[in-house]
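*Asks:* Numbering (the UniProt record's numbering), first residue to last: 1 to 398. All C-beta atoms, glycine included, are put in the ideal place defined by N, C-alpha and C. Note that the coordinates shown come from a computational prediction; the quantities given were computed from them, not determined experimentally. Got a structure here, written out as structure tokens. Questions coming.
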């Protein structure tokens with residue numbers, strides 16, 4: 001069981017698009033204790049942190065890499081700063097969808113963070129609609145010594161380490177398929193508690209303050225053994241902890257052949273052309289998400305989220321630039337981190353695309369071609385607009 005002498009930690013893992021951030025936002029709204037949050041998002045732009053920062057006692061971002069390796073030093077700094085600057089009862093770490101839980105968790109059992117924190121729960125969010133299919137695809141994939149590991153290996157590692165399995169998106173599958181997925185999960189990890197959810201809605205006590213983490217038990221999994229061996233090989237006193245060993249077998253980006261593309265523009269998208277691009281993303285894009293500035297919806301920032309075959313857009317909130325001048329000044333004082341442009345204010349589009357074998361140039365060109373032209377912007381006519389207005393329901397693009 002997790003010791004009670006220091007701050008307990010829940011590590012929230014799960015595949016790209018499984019619903020980790022949705023689950024985290026639900027925890028922040030309904031937990032009966034003060035939570036601090038550390039968000040790791042693979043890519044130059046940390047979208048997940050923007051979605052939770054207004055709801056937590058403290059949000060620390062770790063971007064453009066994975067907690068388990070690239071940002072190990074940053075993690076020690078981040079959790080130390082949280083403990084020093086914020087008063088909270090429990091730390092929740094949302095790891096990147098491309099992270100294996102065991103290497104991340106060892107930072108709290110063998111790293112500097114273990115002095116102030118104790119692992120309480122390893123929770124993995126599973127997409128009920130895609131898990132079985134993705135795992136089956138991995139079994140059919142031919143594996144080579146020098147090729148990337150199937151993403152199914154990552155899913156299995158995330159499940160096998162978990163103390164709690166959160167089976168999310170249960171509303172998208174029939175009961176028979178749901179039961180079959182549960183049987184598959186129990187075969188991979190019979191000791192984990194299984195919780196069914198829809199839209200990440202669960203009792204906070206299911207993943208916070210459970211005390212279910214047990215190092216002796218979880219150390220028997222292959223992923224945990226590899227993580228402990230890797231941690232033992234780190235040179236903590238060196239200036240460059242990456243200099244003496246190859247990370248390809250440990251670091252998810254290399255091991256699974258996954259990469260990211262960051263896209264940021266301060267010009268609105270044409271609604272029709274953008275909808276076409278997002279509906280027709282190539283299969284190499286496994287996950288994409290971000291905040292959109294869409295012409296004709298200039299008052300609101302739109303949150304876009306795609307995982308596999310499904311994508312949707314919903315209103316995130318008002319741009320600060322759309323508010324009255326007095327409110328703008330107040331909001332800018334409250335959020336000094338907001339990047340402000342003298343012409344467009346905080347309006348901008350920020351997207352992260354994550355996938356395997358993506359053609360970055362083609363993706364960026366397609367998005368750039370979806371931006372409004374000078375003539376369109378001047379005429380302020382854009383035709384049919386499928387994107388939601390303030391107060392409207394989310395729009396499913398595909």
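In its own chain, which residues sit with a C-beta less than 6 Å from the C-beta of residue 322, not counting the 5 before and 5 after it?
*Replies:* Once the five neighbours on either side are set aside, the close Cβ partners of residue 322 are 299.
*Asks:* Cβ of residue 86 within 8 Å of Cβ of residue 36?
*Replies:* Yes, they are a contact pair.
*Asks:* Where residue 359 and residue 7 are concerned, what is the direct C-alpha to C-alpha distance, given to the nearest angstrom?
*Replies:* Rounded to the nearest angstrom, the two C-alpha atoms are 43 Å apart.
*Asks:* State yes or no: is the C-beta of residue 19 within less than 8 Å of the C-beta of residue 168?
*Replies:* Contact: yes.
*Asks:* Please report the distance separating the alpha-carbon of residue 374 from that of residue 383.
*Replies:* The straight-line gap from Cα to Cα measures roughly 16 Å.
*Asks:* Checking 8 Å against the spacing of the C-beta atoms, do residue 193 and residue 217 come in under that value?
*Replies:* No, Cβ-Cβ distance for residue 193 and residue 217 is not below 8 Å.
*Asks:* Nearest to residue 369 by CA position, among 332, 357, 269, is which residue?
*Replies:* Closest option to residue 369, Cα to Cα, is 269.
*Asks:* Assuming residue 280 and residue 210 make a contact with CB atoms under 8 Å, what is their CB distance in whole Å?
*Replies:* In fact, because the Cβ distance is near 43 Å, the residues do not count as touching under 8 Å.
*Asks:* Just the C-alpha distance for residue 319 and residue 264, rounded to the nearest angstrom, thanks.
*Replies:* So the alpha carbons of these two residues sit roughly 16 Å apart.
*Asks:* Can you tell which of 296, 184, 395, 363 has its C-alpha closest to the C-alpha of residue 284?
*Replies:* Here the closest residue by C-alpha is 363.
*Asks:* Applying the 10 Å Cβ sphere with the 16-neighbour rule, what's the burial state of residue 68?
*Replies:* Note that residue 68 scores 42 on pLDDT, short of 50, meaning its location in the model is unreliable and no value can be drawn from it.
*Asks:* Determine which residues share a DSSP beta bridge with residue 314 and list them.
*Replies:* DSSP, once it has assigned bridges, lists 303 as partnering residue 314.
*Asks:* Whole alpha helix (DSSP H) runs in the UniProt domain "CobW C-terminal" (258 to 371) with 4 or more residues, listed along the chain?
*Replies:* Qualifying alpha helix (DSSP H) stretches, in chain order: 271 to 279, 325 to 334, 360 to 369.
*Asks:* Out of 83, 105, 25, 32, which one is the CA nearest neighbour of residue 11?
*Replies:* Selected option, being the one with the closest Cα: 105.
*Asks:* Taking the alpha helix (DSSP H) that residue 104 belongs to, which residues open and close that run?
*Replies:* Start and end: 101 to 106.
*Asks:* Does the distance from the C-beta atom of residue 388 to that of residue 395 stay below 8 Å?
*Replies:* Yes, they are a contact pair.
*Asks:* With the cut-off set at 8 Å, would you say residue 291 and residue 331 are in Cβ contact?
*Replies:* Contact: no.
*Asks:* Taking three-plus beta-carbon pairs below 8 Å as touching, is the segment 196 to 204 in contact with the segment 152 to 170?
*Replies:* Yes, the segment 196 to 204 is in contact with the segment 152 to 170.
*Asks:* Select from 352, 156, 76, 213 the residue whose C-alpha is nearest the C-alpha of residue 187.
*Replies:* When only C-alpha atoms are compared, the closest one is 156.
*Asks:* May I ask you to list the residues that DSSP assigns as paired with residue 127?
*Replies:* Looking at the DSSP assignment, residue 127 forms a beta bridge with 168.
*Asks:* Name, in chain order, the residues that DSSP records as bridge partners for residue 382.
*Replies:* DSSP output for residue 382 lists no bridge partner at all.
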